[in-house]
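Those sequence lines, one after another, are chains G and H. In my numbering, each residue's number is its place in the first sequence (first place is 1) plus 18. In my numbering, each residue's number is its place in the second sequence (first place is 1) plus 1033. One structure is given below, encoded as structure tokens.
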Amino acid sequence: MNIWESFKIALSSIWNHKIRSILTMLGIIIGVAAVIIIVAIGQGTKKQMTDELFATDKNAIQIYYEYIPPEGEEGMFWEEPELTSEDIQTLSEVPGVKAVLATNQGWGMMVHDEEQGEMQITGVGPEFFSARDIKVVEGRALYAADNDGLNRVLLIDTIAREKFFKETENPIGEIIDLNDNPYKIVGVYESPLPEQFRNMESGEMIMPRSVISMMFGNREIEQLSVIASDPESISETGRLAAETLTAEKGLENGKYSTNDFEDYERELNTMISLLTLLIGSIAGISLLVGGIGVMNIMLVSVTERTREIGLRKAIGATRRKILLQFLIESITLTSLGGMIGIGLAVIGSIIVSKFSPITATISPLIVLIGVSFSAFIGIIFGLLPANKASKLSPIDALRYE
Amino acid sequence: MMKLSDITKVYGKGSLEVPVLHGIDLTIEDGEFVAIMGPSGSGKSTLMNIIGFLDYPSSGTYELNGEQIASAKESILARLRNEHVGFVFQQFFMFPRDNAIKNVASPLVYSGVSKRERTARAKDLLEKVGLGDRMKHLPNQLSGGQKQRVAIARALVNNPTILLADEPTGALDSKTSEQIMKLFTQLNEEGKTVIIVTHEEEIAAYAKRIITIKDGLITEDRRVTS
Chain G
19 MNIWESFKIA LSSIWNHKIR SILTMLGIII GVAAVIIIVA IGQGTKKQMT DELFATDKNA
79 IQIYYEYIPP EGEEGMFWEE PELTSEDIQT LSEVPGVKAV LATNQGWGMM VHDEEQGEMQ
139 ITGVGPEFFS ARDIKVVEGR ALYAADNDGL NRVLLIDTIA REKFFKETEN PIGEIIDLND
199 NPYKIVGVYE SPLPEQFRNM ESGEMIMPRS VISMMFGNRE IEQLSVIASD PESISETGRL
259 AAETLTAEKG LENGKYSTND FEDYERELNT MISLLTLLIG SIAGISLLVG GIGVMNIMLV
319 SVTERTREIG LRKAIGATRR KILLQFLIES ITLTSLGGMI GIGLAVIGSI IVSKFSPITA
379 TISPLIVLIG VSFSAFIGII FGLLPANKAS KLSPIDALRY E
Chain H
1034 MMKLSDITKV YGKGSLEVPV LHGIDLTIED GEFVAIMGPS GSGKSTLMNI IGFLDYPSSG
1094 TYELNGEQIA SAKESILARL RNEHVGFVFQ QFFMFPRDNA IKNVASPLVY SGVSKRERTA
1154 RAKDLLEKVG LGDRMKHLPN QLSGGQKQRV AIARALVNNP TILLADEPTG ALDSKTSEQI
1214 MKLFTQLNEE GKTVIIVTHE EEIAAYAKRI ITIKDGLITE DRRVTS
């Protein structure tokens, strides 16, 4: 008798007790499904948070000013040093720096025809377009001359274009009203921001940062970041750039530093992993309980089938073959439960991905672990009943009432 | 040929010991038709179980065709049960969810015979015991006599040399009993060693040798000359 025969006997025995088998498997099904879904959601969350936090800035690192108060002083009031085009030039010459992004921000009420809307304005330099991979879909980007000449021109994003202009209308060259001042639209661009960070209501716009500085009274450079030519060495490049800038400015009571996102990212990942592990282990307990359920049912089954075991022994089944038959039966039971559980987990993660912002990602590894773990539970919890069955003496088993 | 020398069997341990067989010496040649008789509790079933490798003797030696098997391993006994003997029980003992063919073929599963051959052999034997028209029936669709025929076919399926029957007619009416005993007689004539345990004189009368057991000892061993 080979394994296949044992497997067939096991399957028919499971089939003959359908309801009992399904109830027995339920513990395994729920356990496996819960573990896989939780791990999938955990991984999905991790991936999404990492993507959101770092994807747009994968190779960009922000440089910010940090005030160091002199000994004995509180350091409540301080002023950030003014940054100039020369500073940007210096930074762009730091080894490993591909581009320097210098921006500032403004808000404004845009009015055109009947429409009006509050919009976020980013003040940029010409380098912004290539460094941020901005796609200009209509018109042109900003030139260096726009910045130098304080040209009151701007680009709107596709959301604003849809809000303020008809499909057939050409917005290029249109004069719009922003905070009661006229500006000329020179282009339309596709927003590079992830969807959830965009201003979905009225869209956003880009204009020369010198113009924002002049019209809004902001400093010309409010945010500064460098883009590394090698994303791998982003931290070192950022540090080097910050040090260079600190030295260049000859600062005494302050310095430029960078955020080390890698540490942050690592910390966040550890936290999510820990959380997933915690919830996953709680779900794992349900697997354990399921396993005990399987053992219980198998023990009942052994008692109930004592005569069958006696008969099998009388017609020539060895102890090993009885052991194998019951072991295969419990492994089949748990593996089947495991596979149904995986099926449910797949459906569950599709539902989760559809109705929540998290994309639950089921990795093949966790499926493999799920199946082998449920088979392992079958072995562990099937061993005791199978051993009990195999040890029955044939004549006692036949006489069992 | 089987030769049992000074076989004893004790159930239980210590103060709960119950001796059942007290030293049985018995030789049965191939092709014999033996009835083992005795009142209930005499130890006749225990003796049959030892002869059929279903149970171990507590002491003594058992030779089968010149080979010692009294202290053999469990796996060897299982093999002997599978290949050398066929059992027929009073309560029939069937796999309730398997049809007649599968029940008859069941011992062959443990001797590694292919499914096609198993089915072919089972069908042949069901024809032989007169159940050619009941092959696909489940045990609960068969009468007692038919079940016992299925059991006999199952006992024969691995072509054993010895047929062992423990009160094979105990649950059957007299007419069916007669048919079953005729079947055993026919099988004995074809060369099988048949050993039947019974407490009924009429059943024992079919045998050619009647052994009587009382309180774990052979009290009479008589050959019937017809």
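From the three backbone atoms N, C-alpha and C, an ideal C-beta is built for every residue, glycine too.
So which residues of chain H does ILE333(G) contact, with C-beta pairs closer than 8 Å? One finds ARG1114, ASN1115, PHE1120, SER1139, PRO1140, TYR1143 and ARG1187 in chain H with Cβ atoms closer than 8 Å to the Cβ of ILE333(G), taken in chain order.
At the 8 Å Cβ level, is GLU283(G) part of the contact set with chain H, yes or no? With 8 Å as the cut-off, GLU283(G) does not count as an interface residue toward chain H.
For ARG1255(H), write down the residues that DSSP places opposite it in a beta bridge. According to DSSP, ARG1255(H) bridges with ILE1243(H).
DSSP state of LEU1171(H) mapped onto helix, strand, coil: In this structure, LEU1171(H) counts as coil in the three-state DSSP scheme.
Tell me the DSSP secondary structure of VAL1162(H) in three-state form. Reduced to three states, the DSSP call for VAL1162(H) is coil.
Among VAL1137(H), PHE1122(H), GLN1181(H) and GLU1065(H), the one whose alpha carbon lies nearest that of ILE16(G): A question about residue 16(G) goes unanswered here, because the residues of chain G that appear run from 19 up to 419.
Under 8 Å (Cβ pairs) to chain G, residues found in the segment 1088-1107 of chain H: Hits within the stretch, in order: ASP1088 and GLU1107.
Pull up the distance between the alpha-carbon of GLY1056(H) and that of TYR1044(H), whole angstroms please. When only Cα atoms are considered, GLY1056(H) and TYR1044(H) end up about 14 Å apart.
Go through its chain and collect everything with a Cβ distance to SER1075(H)'s Cβ below 6 Å, but skip five positions before and after it. Here the set comprises ILE1246 and LYS1247.
Near VAL1227(H), which residues of its chain fall below 6 Å by C-beta distance, leaving aside the five closest residues on each side in sequence? Taken in chain order, the residues that qualify are PHE1066, LEU1196, PHE1217 and ASN1221.
Kindly list the residues whose CB is nearer than 6 Å to the CB of GLY328(G), restricted to its own chain and excluding five residues on each side of it in sequence; keep chain order. Only residues of its own chain outside the window of five on either side were considered, and among them PRO412, ALA415 and LEU416 have a CB closer than 6 Å to the CB of GLY328(G), listed in chain order.
List the endpoints of the continuous alpha helix (DSSP H) containing PHE1066(H). Element bounds for PHE1066(H): not the alpha helix (DSSP H) but the beta strand (DSSP E), 1066-1070.
ASP195(G) lies in the beta strand (DSSP E); which residues open and close that run? ASP195(G): member of the beta strand (DSSP E) spanning 193-196, first to last residue.
By alpha-carbon positions, which one of GLU1233(H), ALA1198(H), GLU1211(H) and THR1194(H) ends up nearest to MET1034(H)? Nearest neighbour of MET1034(H) by Cα position, chosen from GLU1233(H), ALA1198(H), GLU1211(H) and THR1194(H), turns out to be THR1194(H).
8 Å is my cut-off, CB to CB: does ASN1192(H) come that close to chain G? Chain G contact via Cβ: absent.
Start and end residues, alpha helix (DSSP H) containing THR1060(H): Run containing THR1060(H): none in the alpha helix (DSSP H); it sits in the beta strand (DSSP E), 1051-1061.
Give a yes or no on contact between the segment 361-370 of chain G and the segment 51-59 of chain G, applying the rule of three or more CB pairs nearer than 8 Å. These segments touch.
Starting from GLY272(G) and walking both ways along the beta strand (DSSP E), at which residues does that stretch end? Here the beta strand (DSSP E) through GLY272(G) covers 272-276.
Measuring alpha carbon to alpha carbon, tell me which residue in GLU97(G), ILE349(G), GLU89(G) and VAL115(G) is nearest GLU250(G). It is VAL115(G).
Do ASN1098(H) and SER1144(H) have their beta-carbon atoms positioned less than 8 Å apart in this structure? Taking 8 Å as the cut-off, the Cβ atoms of SER1144(H) and ASN1098(H) do not count as close.
Hey, ARG1255(H) and ILE1236(H) are a contact pair by Cβ (cut 8 Å); roughly how many whole angstroms apart? That pair is no contact at about 15 Å.
To test your reading of the DSSP string, which unbroken beta strand (DSSP E) runs of 3 or more residues are found completely within the segment 87-144 of chain G? 115-130 and 133-142, all fully within the segment 87-144 of chain G.
Is the distance from the Cβ of LEU1037(H) to the Cβ of TYR1089(H) below 8 Å? Against a cut-off of 8 Å, the Cβ pair of TYR1089(H) and LEU1037(H) comes out as no contact.
Rounded C-alpha distance that separates ARG1258(H) from LYS1241(H): Reading off the sequence, residue 1258(H) comes out as Thr, not Arg. Cα to Cα, THR1258(H) sits roughly 7 Å from LYS1241(H).
In three-state DSSP terms, what is LEU1250(H)? Three-state DSSP puts LEU1250(H) in a strand.
Under DSSP, the alpha helix (DSSP H) around LEU351(G) begins and ends at which residues? It spans 337-373 - the alpha helix (DSSP H) in which LEU351(G) sits, taken as one unbroken run.
Buried or exposed: ILE37(G), going by 16 or more other Cβ atoms within 10 Å of its Cβ? Residue environment for ILE37(G): exposed (fewer than 16 other C-beta atoms within 10 angstroms of its C-beta).
In the DSSP assignment, the alpha helix (DSSP H) including VAL1142(H) goes from what residue to what residue? Boundaries of the alpha helix (DSSP H) harbouring VAL1142(H): 1133-1142, taken from the DSSP string.
Let me check one thing: in DSSP terms, what residues is HIS1146(H) bridge-paired to? The amino acid occupying residue 1146(H) in the given sequence is Val; His does not appear at that position. Bridge pairing for VAL1146(H): absent [DSSP].
How far does the alpha helix (DSSP H) with MET233(G) in it reach, from first residue to last? Its alpha helix (DSSP H) spans residues 227-234.
One question on the structure: do GLN1181(H) and ARG1167(H) come within less than 8 Å of each other, judged by their Cβ atoms? The answer is no: Cβ separation not under 8 Å.
Roughly how many angstroms separate the alpha carbons of VAL1051(H) and ALA1204(H), rounded to a whole number? Rounded to the nearest angstrom, the two C-alpha atoms are 28 Å apart.
Distance check for PHE399(G) and ARG150(G), CA to CA, integer angstroms please. Between the C-alpha atoms of ARG150(G) and PHE399(G) there is a straight-line separation of about 58 Å.
Identify which residue in GLU219(G), LYS153(G) and LEU286(G) has its Cα closest to the Cα of GLN61(G). A check of alpha carbon separations from GLN61(G) across GLU219(G), LYS153(G) and LEU286(G) identifies LEU286(G) as the nearest.
Tell me which residues of the segment 1211-1224 of chain H have at least one Cβ-Cβ distance to chain G shorter than 7 Å, keeping chain order. Answer set for the segment 1211-1224 of chain H: empty.
Could you check the C-alpha separation between THR1260(H) and ILE47(G) for me, to the nearest Å? Outside the shown range of chain H (1034 to 1259) lies residue 1260(H), about which nothing can therefore be said.
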